[in-house]
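For the sequence shown, the working numbering assigns the number 178 to the initial residue and increments by one for each residue that follows. Using N, Cα and C, we set each Cβ at its ideal position, and we do this for glycine too. Source: prediction; values computed, not measured.
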Amino acid sequence: EIFLDEDWPQHANIPACRRAQDVPARKTHGSLAPGQLGLWGPWEVGMLYQTVRSHIWYFALSDCPDEFARRMSGSRNFSYTIDYEIRWRQFDESELSLEMRYMPVATVLVLVILTAMACWFVAKSQSMRHSTGELHPVVRSLLFAMGLQWASQALHLIHLWAYERNGRGLPIADGFAEVLFMLSQVGAASLLIAIAQGYSLLRSSLSEVELLVPVVAVVSVLHVALVACGKLQTEDFKY
Numbered sequence: 178e179i180f181l182d183e184d185w186p187q188h189a190n191i192p193a194c195r196r197a198q199d200v201p202a203r204k205t206h207g208s209l210a211p212g213q214l215g216l217w218g219p220w221e222v223g224m225l226y227q228t229v230r231s232h233i234w235y236f237a238l239s240d241c242p243d244e245f246a247r248r249m250s251g252s253r254n255f256s257y258t259i260d261y262e263i264r265w266r267q268f269d270e271s272e273l274s275l276e277m278r279y280m281p282v283a284t285v286l287v288l289v290i291l292t293a294m295a296c297w298f299v300a301k302s303q304s305m306r307h308s309t310g311e312l313h314p315v316v317r318s319l320l321f322a323m324g325l326q327w328a329s330q331a332l333h334l335i336h337l338w339a340y341e342r343n344g345r346g347l348p349i350a351d352g353f354a355e356v357l358f359m360l361s362q363v364g365a366a367s368l369l370i371a372i373a374q375g376y377s378l379l380r381s382s383l384s385e386v387e388l389l390v391p392v393v394a395v396v397s398v399l400h401v402a403l404v405a406c407g408k409l410q411t412e413d414f415k416y
């Protein structure tokens, strides 16, 4: 049975087999077929629709006619654990939650703006290269960081499009997107630190900035490890 948040407190003093009639339940499914021998049972498909306000919905499962217990030998005075999986879809069949439904559009907009800015930056860099003969390492570093961020946004968009269709997305694309975005931020921050230490003013090479290159390498490796561990420990169904 499915109960609305304003109806749920009334169920406490009502027997489980009378909840659906006396509370009452907003939706009721006659029976669920559990899987046997550790296997999943068949999917139960239903629709719940409301437009008044945001609600908390309560789902209750009861074994009123002892259907589960009849299939087990021995005494029926015991409890059992049921594993379940729920898949939600919006009214338009989208797998994205309501607050995330515009994320693909927003990500496309960000990617378009980033592409336009990257094209402008590349054009200016080529013009500077023609006039000076080569690009300064700062400019090359910024181009590299911008490329990492563009690739991160593109992979994140692919993940969102896949998630909108199948409810799972592409975890590999999402993981690489997080890693690339983190590396672009580390690169930009490291460049600012190098400039603050006198690079491009007092020193002509990054190797002259004390301990910068090894520290940046260690920080990058640690960040990649942290992002990878975070992705492995969290679930993919977050949208």
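Q: Can you give me the Cβ contacts of residue 292 inside the same chain, cut-off strictly under 6 Å, excluding the 5 residues immediately before and after it?
A: Taking the sequence shown and counting its residues from 1, one reaches residue 292 at position 115. Nothing listed; no residue qualifies.
Q | Range covered by the alpha helix (DSSP H) that runs through residue 235 | A | Residue mapping note: residue 235 aligns to position 58 of the sequence shown, counting from 1. Going by DSSP, residue 235 is part of no alpha helix (DSSP H) but of the beta strand (DSSP E) stretching over 234-236.
(Q) Classify residue 261: buried if its beta carbon has 16 or more other beta carbons within 10 angstroms, exposed otherwise. (A) Indexing the sequence shown from 1 puts residue 261 at position 84. By the neighbour-count criterion, in which a residue is buried when 16 or more other Cβ atoms sit within 10 angstroms of its Cβ, residue 261 is exposed.
Q. Opposite residue 180 in the DSSP bridges: which residues?
A. On the sequence shown, position 3 is the one that residue 180 refers to. Checking the DSSP bridge columns, you'll see residue 180 partnered with 235.
Q: Starting from the Cα of residue 222, find the closest Cα among 364, 263, 286 and 360 and give me that residue.
A: Indexing the sequence shown from 1 puts residue 222 at position 45. Closest by alpha carbon: 263.
**Q.** residue 345 - containing alpha helix (DSSP H), residue span
**A.** Start at 1 with the first residue of the sequence shown, and residue 345 comes out as number 168. Where residue 345 is concerned, there is no enclosing alpha helix (DSSP H), given that its DSSP letter is neither H nor E.
Q: Look at the Cβ atom of residue 286, then the Cβ atom of residue 325, and state whether they are nearer than 8 Å.
A: Taking the first residue of the sequence shown as position 1, residue 286 is located at position 109. Taking the first residue of the sequence shown as position 1, residue 325 is located at position 148. For the pair residue 286 and residue 325, the CB atoms are not nearer than the 8 Å cut-off.
Q: With residue 296 as the anchor, note down where its alpha helix (DSSP H) starts and where it stops.
A: Residue mapping note: residue 296 aligns to position 119 of the sequence shown, counting from 1. Residue 296: member of the alpha helix (DSSP H) spanning 280-309, first to last residue.
Q) From 236, 322 and 277, pick the residue whose C-alpha is nearest to that of residue 364; which is it? A) Within the sequence shown, residue 364 is the residue found at index 187, counting from 1. The residue among 236, 322 and 277 with its C-alpha nearest the C-alpha of residue 364 is 322.
Q: Out of 299, 347, 229 and 217, point me to the one whose CA is closest to residue 259's CA.
A: Within the sequence shown, numbered from 1, the residue matching residue 259 stands at position 82. The shortest C-alpha separation from residue 259 is found at 217.
Q: Have a look at 209, 183, 351 and 237 and flag the residue whose alpha-carbon is nearest the alpha-carbon of residue 193.
A: As a position in the sequence shown, residue 193 is number 16, starting the count at 1. Measuring from the Cα of residue 193, the nearest candidate turns out to be 237.
Q: Tell me residue 261's beta-bridge partners as DSSP assigns them.
A: Translated into the one-based positions of the sequence shown, residue 261 becomes position 84. In the DSSP secondary-structure assignment, residue 261 is not bridged to any residue.
**Q.** Inter-stretch contact (C-beta, 8 Å, three-pair minimum) for the stretch 339-346 and the stretch 269-282
**A.** Touching, yes, given that three or more Cβ pairs across the two stretches are closer than 8 Å.
Q) Can you tell me the Cα-Cα spacing of residue 185 and residue 220, whole angstroms? A) Indexing the sequence shown from 1 puts residue 185 at position 8. Indexing the sequence shown from 1 puts residue 220 at position 43. Each residue's Cα considered, the two are about 25 Å apart.
Q) Can you check whether the CB of residue 393 is closer than 8 Å to the CB of residue 367? A) As a first step, residue 367 must be located in the sequence shown, where it is residue number 190. As a first step, residue 393 must be located in the sequence shown, where it is residue number 216. Annotated as proximal: residue 367 and residue 393, with beta-carbon spacing under 8 Å.
Q | Anticipated Cβ contact below 8 Å, residue 347 with residue 336, distance rounded | A | Taking the sequence shown and counting its residues from 1, one reaches residue 347 at position 170. Taking the sequence shown and counting its residues from 1, one reaches residue 336 at position 159. The beta-carbon distance between residue 347 and residue 336, rounded to whole angstroms, is 5 Å. This is short enough to meet the 8 Å contact definition.
Q.
By the three-class DSSP mapping on this structure, what secondary structure does residue 336 have?
A. Within the sequence shown, the letter at position 159 stands for residue 336. The answer is helix: DSSP assigns residue 336 an H, G or I state.
Q: Below 8 Å on the Cβ atoms is my guess for residue 181 versus residue 234; work out the distance and round it to an integer in Å.
A: As a working note, residue 181 is residue 4 in the sequence shown. As a working note, residue 234 is residue 57 in the sequence shown. Contact between residue 181 and residue 234 holds: their C-beta atoms lie close to 7 Å from each other, under 8 Å.
Q: Tell whether a beta-carbon distance below 8 Å holds between residue 389 and residue 330.
A: Locating residue 389 in the sequence shown gives position 212, where the first residue counts as 1. Locating residue 330 in the sequence shown gives position 153, where the first residue counts as 1. In this structure, residue 330 does not lie closer than 8 Å to residue 389 by Cβ.
Q: Give the secondary structure of residue 364 by DSSP, where H, G and I count as helix, E and B as strand, and everything else as coil.
A: The residue labelled residue 364 in the question sits at position 187 within the sequence shown. Residue 364: helix per DSSP, three-state reduction.
Q.
Please identify the residue among 356, 371, 373 and 408 whose C-alpha is closest to the C-alpha of residue 398.
A. Sequence index remark: in the sequence shown, residue 398 carries index 221 (1-based). Nearest C-alpha to residue 398 among 356, 371, 373 and 408: 356.
(Q) Assuming residue 312 and residue 304 are in contact, meaning their beta carbons sit under 8 Å apart, how far apart are those beta carbons, in whole angstroms? (A) Along the sequence shown, read from residue 1 onward, the residue named residue 312 stands at position 135. Along the sequence shown, read from residue 1 onward, the residue named residue 304 stands at position 127. Approximately 11 Å separates the beta-carbon atoms of residue 312 and residue 304; this is outside 8 Å, ruling out the contact.
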